[in-house]
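Below is one structure, written out as structure tokens; the observations come after it.
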Amino acid sequence: MKRFHCDCGQEVYFHNTHCEHCGRDLAFDPVRLTLVCGHREQGRFLSQDAQHRNLIYKTCANHTEPLQCNWLMAADDPHSQCISCRTTQTIPDLSRPKNPLRWKKLEQAKRRLFYTLLNLGLDVRGREQDEKGLSFQFLEDQRTNPHVNVEHVLTGHYNGLITLNAAEADEGFLHTMKEAMNEPYRTLLGHFRHEVGHYYWMKLVKDDTLVQFRRVFGDERFDYQRALSIYYQYGAARDWNVSFISGYATSHPLEDWAETWAHYMHITDTLDTAHAYGLSDYEPSKNDFDTWVAEWNQVSQVMNALNRSMGLADAYPFVLTPIILSKLRFIDQLVDSQGR
Ligand SMILES: [Zn+2]
Ligand SMILES: [Zn+2]
Ligand SMILES: [Zn+2]
């Protein structure tokens, strides 16, 4: 992600609603992908910075507690919620104590997801424009709320609808799941990036690209339920990391795609950030796959070394082998041809 500055010169951040230094209000313009500083009043936002002087926007209806969403809309936008918030179809019961904070964390991670999708030029239209458009439901199950019917909420994607267990927003729950599933790199943003991968497979892979897909990832017509039960019974093959980015990616070609897609987004966003902070010369607009990979190898080495100095686990312990790179290249070409 790029860096943002208030008009007063203070560095400010993606989720900020006001500047700590000069006190002015801040909001995010998802069309220009930038933070705007100005004045928020009665559902309107008047920009007052040098670049967007006197533009009038509408604020997202969720700008109040608990979400404090700082995203903007065009002044004449008929919706009451921003492009990210309005894709959420179901939220957990807010009268239960932990849920307002869970919902806030989920939406924050979702806005970060949307930032990268918008930056890549991908279609993020919701259900009101496309019946198989993007939508989200954040549910609770009996592990955290005995009053709901569902015993286990499973994270997943079906025809554009992405389901997440709201409890994934709790540190404690996430930690338990990391151990139980042997996924030390499990995060909310990682979930979103994986699930949205299934959505874009449905949108982007068809006709001639489907033939290519099968050549790179394998045949997705292989029985999905059977593949997953085999994976959960026997685990990944011993030498999985030659061809797959994660053990789970070995379970089925569609899971391999979603795992690789998530990495494509991790790398794209992190390289953007590294560039914004002067850690990499890579110009995101250049979009040259080989340079992208070379720069990522450098940046991920630096991140890992910094983490080790702090006594932390490696930030990016994954190895991008030639086979995995051919999968990432396929995704890059698809994004190039359909998005950007
Ligand atoms: Zn300021
Ligand atoms: Zn919003
Ligand atoms: Zn999946």
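Just add 1257 to wherever you are in the sequence shown, counting from 1, and you've got this note's numbering.
Just so it is clear, CB atoms sit at the ideal spot from N, CA and C, and this is done for glycine as well.
Considering M1330, what are the terminal residues of the beta strand (DSSP E) in which it resides?
Position 73 of the sequence shown, counted from the first residue, corresponds to residue 1330. From DSSP, the beta strand (DSSP E) with M1330 extends over 1329-1331.
In terms of residue numbering, what span does the alpha helix (DSSP H) encompassing Y1534 cover?
Position 277 of the sequence shown holds residue 1534. Premise fails: Y1534 is in no alpha helix (DSSP H) and is neither H nor E.
S1337 and A1318 look like a contact to me (Cβ under 8 Å); what is the Cβ gap, rounded to whole Å?
Walking along the sequence shown from the start, residue 1337 turns up at place 80. Walking along the sequence shown from the start, residue 1318 turns up at place 61. Taking 8 Å as the upper bound for CB-CB distance, S1337 and A1318 are in contact here, some 4 Å apart.
If you reduce the DSSP assignment to three classes, tell me which class I1313 lands in.
In the sequence shown, counting from the first residue as 1, residue 1313 sits at position 56. Looking at I1313 - three-state DSSP - the assignment turns out to be strand.
Compute the minimum distance between the beta carbon of A1506 and the heavy atoms of ligand 3, and state whether it is under 7 Å.
For the purposes of this step, residue 1506 is taken as the residue at position 249 of the sequence shown. Every heavy atom of ligand 3 is 7 Å or more from the Cβ of A1506, so no.
To which residues of the same chain is G1454 closer than 7 Å at the C-beta, ignoring the five residues directly before and after it?
Residue 1454 sits at position 197 when you count from the first residue of the sequence shown. Once the five neighbours on either side are set aside, the close Cβ partners of G1454 are W1514, A1515, W1518, A1519.
Who are the near neighbours of S1392 in its chain, counting only those whose CB is closer than 8 Å to its CB and skipping five residues on each side?
Locating residue 1392 in the sequence shown gives position 135, counting from the first residue. Only T1344, T1345, Q1346, G1383, R1384, G1417, L1418, I1419 meet the Cβ criterion.
Taking 5 Å as the limit, tell me which residues put their C-beta closer than that to any heavy atom of ligand 2, in chain order.
Having a Cβ closer than 5 Å to some heavy atom of ligand 2 are C1317, N1319, C1326, W1328, C1339, C1342.
Please go through the same chain and pick out, in chain order, the residues whose beta-carbon is closer than 6 Å to the beta-carbon of I1581, but skip the five residues on each side of it.
As a first step, residue 1581 is located in the sequence shown; it is residue number 324 there, counting from the start. Listed in chain order, the non-local C-beta contacts of I1581 below 6 Å within the same chain comprise I1502, local neighbours out to five positions each way being set aside.
Would you kindly check if the distance between the Cβ of H1509 and the Cβ of F1546 is under 8 Å?
Translated into the one-based positions of the sequence shown, residue 1546 becomes position 289. Translated into the one-based positions of the sequence shown, residue 1509 becomes position 252. Taking 8 Å as the Cβ cut-off, F1546 and H1509 do not qualify as a contacting pair.
For the putative contact between Q1284 and T1316, defined by C-beta atoms under 8 Å, what is the C-beta separation to the nearest angstrom?
In the sequence shown, counting from the first residue as 1, residue 1284 sits at position 27. In the sequence shown, counting from the first residue as 1, residue 1316 sits at position 59. The sequence shown places Ala at residue 1284, rather than the Gln named in the question. Their Cβ separation, rounded to whole angstroms, is 7 Å, which keeps A1284 and T1316 in contact under 8 Å.
Hey, D1306 and V1293: beta-carbon distance below 8 Å or not?
Taking the first residue of the sequence shown as 1, we reach residue 1306 at position 49. Taking the first residue of the sequence shown as 1, we reach residue 1293 at position 36. Their beta carbons are under 8 Å apart, which means D1306 touches V1293 by this criterion.
Is there at least one non-hydrogen atom of ligand 3 closer than 7 Å to the beta-carbon of H1520?
Walking along the sequence shown from the start, residue 1520 turns up at place 263. False, no ligand heavy atom lies under 7 Å from that Cβ.
By a C-beta neighbour count over all protein chains shown, 10 Å radius and 16 as the cutoff for buried, is K1367 buried or exposed?
Locating residue 1367 in the sequence shown gives position 110, counting from the first residue. Residue environment for K1367: buried (at least 16 other C-beta atoms within 10 angstroms of its C-beta).
Using 8 Å as the threshold, is the C-beta distance between E1452 and H1409 below it?
Residue 1452 sits at position 195 when you count from the first residue of the sequence shown. Residue 1409 sits at position 152 when you count from the first residue of the sequence shown. Taking 8 Å as the Cβ cut-off, E1452 and H1409 do not qualify as a contacting pair.
Tell me, which residues are paired with N1422 by DSSP?
Position 165 of the sequence shown, counted from the first residue, corresponds to residue 1422. Beta-bridge pairing links N1422 to L1396.
Between the Cα of T1525 and the Cα atoms of S1352, L1374, Q1386, which residue gives the shortest distance?
On the sequence shown, residue 1525 is found 268 positions in, with the first residue counted as 1. Of S1352, L1374, Q1386, the residue nearest in Cα terms is L1374.
Please classify A1562: does DSSP put it in a helix, a strand, or coil?
Counting from 1 along the sequence shown, the entry for residue 1562 is found at position 305. DSSP places A1562 in helix when its eight states are reduced to three.
Rounded to a whole number of angstroms, what is the C-alpha to C-alpha distance between N1273 and N1327?
Working through the sequence shown from its first residue, we reach residue 1273 at position 16. Working through the sequence shown from its first residue, we reach residue 1327 at position 70. Going from the Cα of N1273 to the Cα of N1327 covers about 7 Å.
Closer than 7 Å: is that where the CB of Q1308 sits relative to any heavy atom of ligand 1?
Stepping through the sequence shown from its first residue, residue 1308 is reached at position 51. Relative to ligand 1, Q1308 has its C-beta separated by 7 Å or more from all heavy atoms.
To test your reading of the DSSP string, which unbroken alpha helix (DSSP H) runs of 4 or more residues are found completely within the stretch 1486-1545?
Entirely contained in the stretch 1486-1545, the alpha helix (DSSP H) runs reaching 4 residues are, in chain order, 1510-1533.
Is the beta carbon of K1584 less than 8 Å from the beta carbon of V1473?
Looking up residue 1584 in the sequence shown gives position 327. Looking up residue 1473 in the sequence shown gives position 216. K1584 is a Cβ neighbour of V1473, given a cutoff of 8 Å.
Residues in the same chain with beta-carbon distance under 6 Å from L1591, minus the five sequence neighbours each way, listed in chain order, please.
Taking the first residue of the sequence shown as 1, we reach residue 1591 at position 334. Listed in chain order, the non-local C-beta contacts of L1591 below 6 Å within the same chain comprise L1461, local neighbours out to five positions each way being set aside.
Mind checking whether S1341 and F1371 have CB atoms under 8 Å apart?
Here the question's residue 1341 lines up with position 84 in the sequence shown. Here the question's residue 1371 lines up with position 114 in the sequence shown. Cβ atoms of S1341 and F1371: closer than 8 Å.
Own chain, CB closer than 6 Å to K1435, minus 5 neighbours either side, in chain order
For this step, residue 1435 is matched to residue 178 along the sequence shown. For K1435, where only same-chain residues beyond five positions count, the Cβ hits under 6 Å are P1441, R1443.
I'd like the list of long-range same chain contacts for G1390, defined as Cβ closer than 7 Å, with 5 residues on each side in sequence excluded.
Locating residue 1390 in the sequence shown gives position 133, counting from the first residue. Spatial neighbours of G1390 in its own chain (CB-CB distance under 7 Å, excluding positions within 5 residues in sequence) are listed in chain order as R1382, G1383, R1384, G1417.
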